[in-house]
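Q: Below is one structure. I have some questions about it.
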Amino acid sequence: MSDVDSPAAPSRRPAGPIRLTEREAAPVDVSVVVPIFDEEGNVDGLIAELTRALEGSKRSYEILCIDDGSRDGTFARLRAAQAKDARIKVIRFRRNFGQTAAFTAGFDYAMGEWVFTIDADLQNDPADIPMLLAKAEEGFDIVSGWRKKRKDAFIMRKLPSLAANYLIGKVTGVAIHDYGCSLKVYHRDVVKSIKLYGELHRFVPAVAASLGVRVAELPVNHRARTAGESKYAGFYKTVRRATKVFLDLLTVRFLLSFATRPIHVFGVLGLLATTGGAGLGGYLAIMKLAYGATLADRPLLLLAVLLVIVGVQFVTMGLLGELVVRTYHESQGKAIYAVRTVLDTSVDERSE
2 MSDVDSPAAP SRRPAGPIRL TEREAAPVDV SVVVPIFDEE GNVDGLIAEL
52 TRALEGSKRS YEILCIDDGS RDGTFARLRA AQAKDARIKV IRFRRNFGQT
102 AAFTAGFDYA MGEWVFTIDA DLQNDPADIP MLLAKAEEGF DIVSGWRKKR
152 KDAFIMRKLP SLAANYLIGK VTGVAIHDYG CSLKVYHRDV VKSIKLYGEL
202 HRFVPAVAAS LGVRVAELPV NHRARTAGES KYAGFYKTVR RATKVFLDLL
252 TVRFLLSFAT RPIHVFGVLG LLATTGGAGL GGYLAIMKLA YGATLADRPL
302 LLLAVLLVIV GVQFVTMGLL GELVVRTYHE SQGKAIYAVR TVLDTSVDER
352 SE
């Protein structure tokens, strides 16, 4: 077991971002979000195992199955399961939009106080859900599963994952062992506060941690796939996925550090470029005036002009970015802070 948040967990779960009448906002205790794409052979077993684990937890629950444009008989099996159990909800996409879109849809529709995510291939074990929930209720907003004994090929799956997890931890400052494990539990405040796009679903703990949430990690069971095909099999798919992860990591790093002050990154780059160009220009001017050097055929002259132009463009981009950020926060009423708890006896209780 690994707790990312270093302080000892309190006896009661601290409030996340401020919320009102939480019980009314969360009519069930647990929501489980399951992105599904061409998993006809796993759907029945998945529903059965989820139902068994959730009923054993003695909590009210719902299962949100997101059919991400499946081309096989997945939707027919989901429809049959939903007809038997009203706690199962099926959301069918018009086409395949990807895992991040599926998670986002699930988060939007989820009504539970605690929201689980899990893969549909049955490699994640639904029996681990009560354990993760118990850990979350100790005082954590996110508990991430760690596939400590992962049942995947080492070269094509485990090795790239180890490298990615190390890099993500270093860049984001949230060092958990297994960002790629879909088995996680979030408090509803987290999933309702974060908007995902692209393929940022794997970075939710890092993005949420920037808001001050408490993150923990627990080893979970991982099983070999017994039906269907992996969506990431093959060298080409592995390389493509690694490229996307790296580019998304750059995006996350920028969002965590400079989302509300873009001038700090673009302005610095612009000042460096402009200073370099001005320095070269000054050097060339001295060479021309003092020594009569010919500048027409000097590549340094072109470089100096280019650096000055690029520097001005970077500074301009930073200023435009500041305008965009100001418009975003002011037009949508977005706060630049996140409140954990409000204690005020003059009003009704607003957080635990």
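Okay, so the sequence shown: first residue is 2 according to our numbering, each after it adds one. Don't be surprised by glycine CBs; every beta carbon is placed ideally from N, CA and C.
With a cut-off of 8 angstroms on the beta carbons, I'd call N125 and S183 a contact; round off their distance for me.
A: At roughly 6 angstroms, the Cβ-Cβ gap stays under 8 angstroms, so N125 and S183 are in contact.
Q: Which runs of the beta strand (DSSP E) at least 3 residues long sit entirely within the segment 136-197? Give them in chain order.
A: Listed in chain order, the complete beta strand (DSSP E) runs (minimum 3 residues) inside the segment 136-197 are 143-147, 185-188.
Q: Thinking just about the alpha-carbon of each residue, which of A207, R262, H223 is nearest to the one in L250?
A: L250 has its Cα closest to that of A207, out of A207, R262, H223.
Q: Among the residues of its own chain, which have a CB less than 8 angstroms from the CB of K196, if the five just before and after it don't count?
A: Excluding sequence neighbours, K196 sits near T105.
Q: On a CA-only basis, which of L168, R148, I143, E50 is nearest A210? Give me that one, please.
A: Answer by Cα proximity: I143.
Q: Helix, strand or coil: how does DSSP classify F247 here?
A: Looking at F247 - three-state DSSP - the assignment turns out to be helix.
Q: Can you tell me the Cα-Cα spacing of E331 and G174, whole angstroms?
A: Using only the alpha carbons, I get a separation of about 29 angstroms.
Q: Can you find the residues in the same chain that come closer than 8 angstroms, C-beta to C-beta, to K185, ignoring five residues on each side of it along the sequence?
A: Same-chain partners within the cutoff: F117, T118, L133, I143, V144, S145, G146, V205, P206.
Q: Rounded to whole angstroms, what is the Cα-Cα separation between V253 and R203?
A: V253 and R203: Cα-Cα distance of roughly 11 angstroms.
Q: Please name the residue in L160, D120, G319 whose C-alpha comes closest to that of N222.
A: Minimum Cα distance to N222 is reached at D120.
Q: Which residues mark the beginning and the end of the alpha helix (DSSP H) in which I48 is found?
A: First-last of the alpha helix (DSSP H) with I48: 44-57.
Q: What is the DSSP secondary structure of V116, counted as helix, strand or coil?
A: DSSP places V116 in strand when its eight states are reduced to three.
Q: By Cβ distance below 6 angstroms, which residues in the same chain neighbour L256 in space, the five residues on each side in sequence not counted?
A: Answer for L256: no residue qualifies.
Q: In whole angstroms, give me the CA-to-CA distance for G140 and I92.
A: So the alpha carbons of these two residues sit roughly 31 angstroms apart.
Q: Taking the alpha helix (DSSP H) that R78 belongs to, which residues open and close that run?
A: 75-85 is the span of the alpha helix (DSSP H), which, as asked, contains R78.
Q: Please tell me whether D69 and N97 are closer than 7 angstroms, where the distance is taken between their beta carbons.
A: Against a cut-off of 7 angstroms, the Cβ pair of N97 and D69 comes out as a contact.
Q: Leaving out five residues on either side along the sequence, give the residues of the same chain with a beta carbon under 6 angstroms from the beta carbon of R24.
A: In this prediction, R24 has a pLDDT of 39, which is less than 50 and means its spatial position is unreliable; nothing more can be read from the coordinates.
Q: Can you tell me which of H265, G282, A297 puts its alpha carbon nearest to the alpha carbon of V326?
A: The shortest Cα separation from V326 among H265, G282, A297 belongs to H265.
Q: Got a sec? Which residues, its chain only, sit under 6 angstroms from Y180 by beta carbon, not counting five neighbours each side?
A: These residues qualify, in order along the chain: N166, I169, R203.
Q: Could you pull the start and end residues of the beta strand (DSSP E) that A217 belongs to?
A: Counting along the chain, the beta strand (DSSP E) containing A217 begins and ends at 216-220.
Q: Can you tell me where the alpha helix (DSSP H) with D30 in it begins and where it stops?
A: It is not in any alpha helix (DSSP H) - D30 instead sits in the beta strand (DSSP E) that spans 29-37.
Q: Tell me the rounded alpha-carbon separation between L272 and L248.
A: Taking the straight line from one Cα to the other gives about 25 angstroms.
Q: For L65 versus G99, is the C-beta spacing smaller than 7 angstroms?
A: Cβ atoms of L65 and G99: not closer than 7 angstroms.
Q: Kindly indicate which residue of F38, A54, P161 has the alpha-carbon position closest to the one of A103.
A: Out of F38, A54, P161, F38 has the C-alpha closest to the C-alpha of A103.
Q: Using the C-alpha atoms, what's the distance from D109 back to H188?
A: Spanning the two alpha carbons is a distance of roughly 13 angstroms.
Q: Identify the residues that DSSP records as bridge partners of L65: which are they?
A: V34, K90.
Q: Thinking C-alpha only, which one of A82, G213, D190, E40 is nearest D73?
A: For the residues A82, G213, D190, E40, the minimum Cα distance to D73 belongs to E40.
Q: Opposite H223 in the DSSP bridges: which residues?
A: In the DSSP output, where bridge partners are listed per residue, H223 has N125.
Q: When you compare only the Cα positions, how much space is there between W115 and R151?
A: Cα-Cα distance, rounded: 26 angstroms.
Q: Have a look at L123 and V29 and give me their C-alpha separation to the nearest angstrom.
A: Near 24 angstroms, if we compare the C-alpha coordinates of V29 and L123.
Q: Would you please verify whether the beta carbon of R224 is less than 7 angstroms from any beta carbon of chain D?
A: Looking for chain D here will not work: only one protein chain is present.
Q: At the level of alpha carbons, what is the spacing between V269 and V240?
A: If I take the Cα positions, the gap works out to 33 angstroms.
Q: For the putative contact between P127 and L51, defined by C-beta atoms under 8 angstroms, what is the C-beta separation to the nearest angstrom?
A: Yes, they are in contact, since the Cβ atoms of P127 and L51 sit about 5 angstroms apart, within 8 angstroms.
Q: Leaving aside the five residues before and after A176 along the sequence, list all residues of the same chain whose C-beta is less than 6 angstroms from its C-beta, in chain order.
A: The answer, listed in chain order, is G170.
Q: Of all the options H178, A291, M112, which has the alpha carbon lying nearest to the alpha carbon of D190?
A: Selected option, being the one with the closest Cα: M112.
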